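Beneath this line is the structure, given in structure tokens, with notes to follow.
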Amino acid sequence: MVAPRPREPSGARQVSANLVSWPRWFVELRLEFIQQNLLLVAVAVVSGTMLLTLSVRRPGGAKSLTATQATMLINRENAQLIDVREPNEYVNGHVADSRNIPVGSLAERAGELEPLKDKPVILVCQSGARSSEACATLGKLGFSRVHTLEGGVVGWAEAGLPLKKGARR
């Protein structure tokens with residue numbers, strides 16, 4: 001004689017069935033959301049890709065340096081700072097001993113930097129965007145040790161390092 005199976009509470013099978021089907025329901029909900037909001041999802045994917053690309057890839061193989069790393073490179077290897085902002089921005093506040101060569105005239109004034117081709121050069125701008133452009137220009141001209149200052153002059157000041165005002169160099 002076979003022993004009778006113990007009875008399950010009436011809702012037990014229903015609960016276990018819901019637990020098993022939950023991931024499928026969740027996947028279907030996500031797919032439905034993506035289909036209904038395709039433009040929103042596309043914008044999010046493109047934006048994320050652009051941000052990731054800009055933060056990881058540096059033109060010309062440049063390395064981005066924090067203010068502390070830049071200071072160490074200046075002290076240890078006599079790195080030259082090139083401020084690629086416009087002269088009026090430079091006068092309002094710049095890193096001491098930096099040379100002002102605006103990004104727009106960098107290619108035509110590259111001869112001034114010829115002795116620095118194999119030495120460390122740190123490019124500085126207001127926030128970091130123009131220095132990346134300048135880095136690509138110098139990379140094409142054969143400069144091998146070009147760096148950008150992470151956060152530009154703003155990052156330098158936020159690190160508590162001094163800025164010099166006035167006289168152009």
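The sequence shown: position 98 = 98 (the UniProt record's numbering), numbered continuously. Cβ coordinates follow ideal geometry from the N, Cα and C atoms, glycine included. From a predicted model like this one, the values you see are computed outputs, not experimental measurements.
Cβ shell of residue i (< 6 Å), same chain only, five flanking positions each side left out
i: Lys165; result: Gly93
i: Ala110; result: Leu141
i: Ala134; result: Val84, Val103, Leu106, Leu123
Inter-residue CB distance, residue i and residue j (contact presumed, cutoff 8 Å)
i: Pro120; j: Ala79; result: 4 Å
i: Ile122; j: Leu73; result: 7 Å
7 Å Cβ shell around residue i - same chain, five flanking residues per side excluded
i: Asp97; result: Leu81
i: Gly151; result: Ser127, Gly128, Glu158
Closest by C-alpha distance to residue i, when choosing among the options
i: Thr53; options: Ser132, Leu161, Arg24, Gly155; result: Ser132
i: Leu138; options: Ile101, Val153, Ala157, Gly155; result: Ile101
i: Leu106; options: Arg130, Ala42, Leu38, Leu73; result: Arg130
i: Leu113; options: Arg76, Asp83, Ala70; result: Asp83
i: Val91; options: Pro23, Val153, Arg76; result: Val153
i: Val95; options: Gln36, Glu108, Ala70, Gly104; result: Ala70
Within 9 Å, strictly: CB atoms of residue i and residue j
i: Val124; j: Leu161; result: no
i: Arg99; j: Gln126; result: no
i: Val41; j: Ile34; result: yes
Neighbourhood of residue i by C-beta distance below 8 Å, restricted to the same chain and skipping five residues each side
i: Thr68; result: Ala159
Would the stretch 110 to 118 and the stretch 142 to 159 be scored as touching if the rule is three or more Cβ pairs under 8 Å? Using a C-beta cut-off of 8 Å, the stretch 110 to 118 makes contact with the stretch 142 to 159, since at least three inter-stretch Cβ pairs fall below that distance.
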